[in-house]
Each structure stands twice: as C-alpha cells, then as structure tokens.
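Under full-length UniProt numbering, think of the first position of the sequence shown as 1, with each following residue one higher. Inspection log for the structure reproduced underneath, given as structure tokens.
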Amino acid sequence: MSRWIAPGRINLIGEHTDYNDGFVLPFALDAGCTATVADASDGWAVSSAQASGDVVVRPSGLADREAVPDWAAYVLGALWLLHDDGVDVPALRIEVDSDVPTGAGLSSSAALVCSVVCALDDHLGLDLGPDGRLALSRRVENDAVGAPTGGMDQLASLRGEAGHVLFCDMRDLTSQSVPFDPASSGLAVLVVDTRAPHRHADGEYAARRAGCEEAARRLGVPALRDVTEADLDGALAELNDDELRRYVRHVVTEDARVLAAVEVLREGRVEDLGPLLSASHVSMRDDFRITVPEVDTAVDALHESGALGARMTGGGFGGCVIGLVPEELLDVAGDGVRRAFAEAGFGQPSLFTAAPAAGARSLSPGTRGS
Ligand code: GAF
C-alpha cells in the first residue's frame with residue numbers, strides 16, 4: 001500500500017505564460033489531495049471521499065477506456081497511459097480525499113493527478129523519478145482528460161517547498177526555490193475565493209492558447225517567450241490583428257514581471273511585489289481579457305483597503321484573487337471585500353491567508369517523504 005499527498009497551488013505571478021515556454025512563480029498550498037493505492041483482486045477500482053460510489057473498470061488503454069465521471073478520469077488517466085506505455089498494471093484500488101477547493105483556480109486537479117501518480121509510482125516500483133512523474137502527470141491532464149493546460153500546476157504540486165516560491169522556466173522545466181516569507185515584512189497573502197461560476201472557462205482557455213500559438217507562428221518564433229520586452233513594439237507592429245496583439249503584450253510583459261518579482265524577492269524587498277501584482281492584474285483584465293466582474297471587484301476592494309498589490313491567480317474566468325496585505329489590515333481588507341460583494345449583489349466570497357507549503361510527499365508508514 002502506498003499513500004501520498006500532493007498540494008494545490010497559488011500562482012504568485014506569471015499567468016498564461018507556461019504554455020508560451022515562459023516563466024511562472026507559484027507556491028504549494030497547505031491543502032492537498034491524498035491518494036492511497038493498494039492491491040485488489042479484480043479490475044481497477046477508484047473512489048473519492050468527495051463523490052459517492054466506487055468506479056470500477058477493466059484494465060485498458062486510452063483508446064478503449066470505459067466512460068467514467070470526470071473526477072475518475074483524473075485518477076484512472078495514469079493507469080490508462082501506463083497501460084499504453086506497456087506497463088503491466090495489476091488489479092488496484094485507489095482512494096482519493098482532497099481538501100483543495102474545486103473550481104477555485106487552486107489546482108485541485110493537479111493535486112489529484114500528482115498524488116495518484118506519486119502513489120502509483122511508489123506502489124508499483126516504476127522508478128519514474130521526478131521528471132517522469134511530472135511528465136506522466138502532465139499527460140494525464142493533457143492526453144487523458146483532454147485539458148490543454150501548460151504544466152505549471154503539476155510542477156508546483158510536485159516540487160513546491162515550504163517557505164519558498166518556485167521560479168520555473170517552462171521551456172526546459174527547470175525550477176529554483178526562492179524564499180518567500182511575507183510575514184517577516186509584516187505582510188500576508190490574503191486569498192479571496194470569489195466563488196464566481198466559471199463562464200466558458202475551458203473554451204476561452206483553449207482559445208487563448210491557440211491565439212498565442214498563432215501569434216508566435218506569425219512572428220516566426222518558436223513561442224512567445226522568444227519575444228523580449230525590447231522586441232515588443234516591433235512585434236506588435238508586425239501583427240495586424242488587435243486580439244493577437246493584446247495576447248502578445250500580456251505574455252511578454254507578464255514574463256518580464258515574473259523576472260522582476262524574482263529579483264525583488266531575492267533582494268528581500270517583498271513589499272515591492274505589490275505594483276507587479278497589480279500590473280499583472282491590469283494586463284489580464286485589459287489585454288488578455290480573462291477576468292470577470294467578481295474578480296475585478298475583489299481586486300479593487302483590496303486596493304481600497306490598503307493592499308500593496310492584488311491580482312487574480314490561475315487560469316481565469318472566475319476563481320481566486322490574491323492580495324499582498326499588511327497584517328494589521330487583514331480584517332479591514334476582508335470586510336472591504338465582503339462589503340463590495342454585497343453592494344454589487346454577488347454571493348459572499350470565502351477568504352483565507354496562504355503561505356508556501358511543502359510539495360508532494362509520502363504518507364506511507366515508515367517513509368520520510370519523497
Ligand atoms: C491553469 C493551467 F492549468 C496552467 O497550466 C496555467 O496555464 C494557468 O491556468 C494560467 O497561468 O491553471
């Protein structure tokens with residue numbers, strides 16, 4: 001039997017840059033999904049503490065898989081892919097239990113997939129190694145579930161480190177842990193889960209990705225990562241499509257903001273993150289156009305309550321906002337957001353503070369972690 005936990009994540013800055021081979025700066029949450037893998041007598045049986053009923057399927061590959069509920073595809077995806085890779089996967093039971101809020105842009109799906117992949121690797125002795133676990137987790141989401149995501153969430157869940165953000169180069173998938181301790185500067189990351197219903201999130205995400213790839217093709221570069229801030233004006237002048245121009249401007253300036261944020265943190269100037277977070281939000285709102293009224297209201301209310309900076313985090317079209325808030329203003333900021341939501345007629349948000357926690361680790365008896 002193997003049991004692993006893998007966390008959700010908050011992205012401090014660097015949105016929609018991962019599938020453009022760019023830079024991201026996420027950290028692991030202290031909420032996660034626990035996956036327990038054990039031998040069984042027949043078939044592959046999966047269950048979730050958050051869903052009713054077992055799902056039992058016969059072993060197969062992706063092409064001839066049985067229809068299952070969405071959550072179960074995230075669990076069975078690794079088994080289907082391993083089968084296709086020629087691994088003789090035996091009869092298994094997999095149980096999952098997560099406390100990562102779903103639909104909030106906090107990567108509950110990456111927590112689910114990564115916990116299952118790690119527990120499977122451990123239980124079956126596959127010896128995937130860190131890169132193999134990352135690759136399989138990404139394939140589950142992209143190939144088995146069919147979500148065209150960019151890999152940041154799995155990387156943060158697998159490699160996150162307590163007290164640090166993870167500076168990732170999504171071209172070569174290298175990462176460096178950078179200390180991030182806002183409390184030492186009297187600050188906190190306040191998370192506002194707007195609970196806004198995701199509106200067309202899947203289709204809009206795919207459209208943004210396709211638009212970025214089309215812009216890179218027209219500009220003759222492998223990915224938008226290859227357009228620097230110094231090249232930006234020239235690149236914009238080359239494009240005759242306003243939508244693509246806005247996408248390019250967002251991605252190029254967002255990559256630059258991630259690099260600036262890393263510099264700010266390395267120099268111990270946490271409070272200087274504020275303007276970078278806020279500029280990132282404006283870019284997502286006005287250029288990339290992935291925010292919704294609830295999200296923009298939360299960001300404005302945080303600013304009005306004394307936050308040093310605030311932005312939406314995650315894929316967009318709903319989900320969470322983060323604010324960098326002086327600790328003594330946390331209550332004021334929370335009240336300000338709740339009041340703004342009530343005045344706008346929105347449902348009440350959920351608020352909590354977050355700090356970087358550990359990435360995926362073993363909970364099996366007798367182990368000391370990954
Ligand atoms: C979602 C995706 F899963 C990530 O890969 C990333 O693109 C993010 O949206 C936006 O930065 O979380």
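Ideal Cβ placement from N, Cα and C applies to all residues, glycine included. Only a predicted model underlies this, so the values are computations on that prediction, with no experimental measurement involved.
Bridge-paired residues (DSSP) for residue i
i: residue 3; result: 36
i: residue 190; result: 323 and 353
i: residue 297; result: Residue 297 pairs with nothing; no bridge assigned.
i: residue 309; result: 324
Any non-hydrogen atom of the ligand GAF within 7 angstroms of residue i CB
i: residue 16; result: yes
i: residue 74; result: no
i: residue 11; result: yes
i: residue 347; result: no
i: residue 102; result: no
i: residue 152; result: yes
i: residue 19; result: yes
i: residue 268; result: no
i: residue 149; result: yes
i: residue 318; result: no
i: residue 107; result: yes
i: residue 306; result: no
i: residue 314; result: yes
Closest Cα partner of residue i within the set the options
i: residue 98; options: 92, 115, 87 and 90; result: 115
i: residue 433; options: 143, 161, 283 and 166; result: The question about residue 433 has no answer, for the chain in this structure spans 1 to 370.
i: residue 199; options: 304, 18 and 291; result: 291
i: residue 49; options: 267, 71, 105 and 243; result: 71
i: residue 321; options: 337, 306, 332 and 329; result: 337
i: residue 119; options: 137, 104 and 105; result: 137
i: residue 264; options: 181, 298 and 244; result: 181
i: residue 25; options: 316, 96, 170 and 278; result: 170
i: residue 154; options: 90, 139, 316 and 236; result: 139
i: residue 317; options: 310, 296, 327 and 335; result: 296
i: residue 39; options: 30, 2 and 27; result: 2
i: residue 100; options: 76, 68 and 30; result: 30
i: residue 110; options: 122, 75 and 65; result: 75
i: residue 251; options: 9, 34 and 286; result: 286
i: residue 206; options: 16, 7 and 272; result: 16
i: residue 185; options: 310, 325 and 51; result: 325
i: residue 162; options: 319, 7, 350 and 125; result: 7
Proximity test, residue i beta-carbon vs the ligand NAP heavy atom, cut-off 7 angstroms
i: residue 211; result: The model depicted lacks the ligand NAP and carries the ligand GAF instead.
Backbone secondary structure at residue i - three-state DSSP
i: residue 199; result: coil
i: residue 364; result: coil
i: residue 341; result: helix
i: residue 286; result: helix
i: residue 244; result: helix
i: residue 291; result: coil
i: residue 274; result: helix
i: residue 358; result: coil
i: residue 228; result: coil
i: residue 329; result: helix
i: residue 267; result: coil
i: residue 260; result: helix
i: residue 216; result: helix
i: residue 239; result: coil
i: residue 334; result: helix
Start-end ranges of the alpha helix (DSSP H) lying completely within the region 3-91, minimum 4 residues: Within the region 3-91, the runs of alpha helix (DSSP H) that reach at least 4 residues and sit entirely inside it are, in chain order, 70-84.
Report the residue ranges of all beta strand (DSSP E) runs contained in full by the region 94-182; include only those spanning at least 3 residues, in chain order. Counting only runs of 3 or more, we get 164-169 and 174-179.
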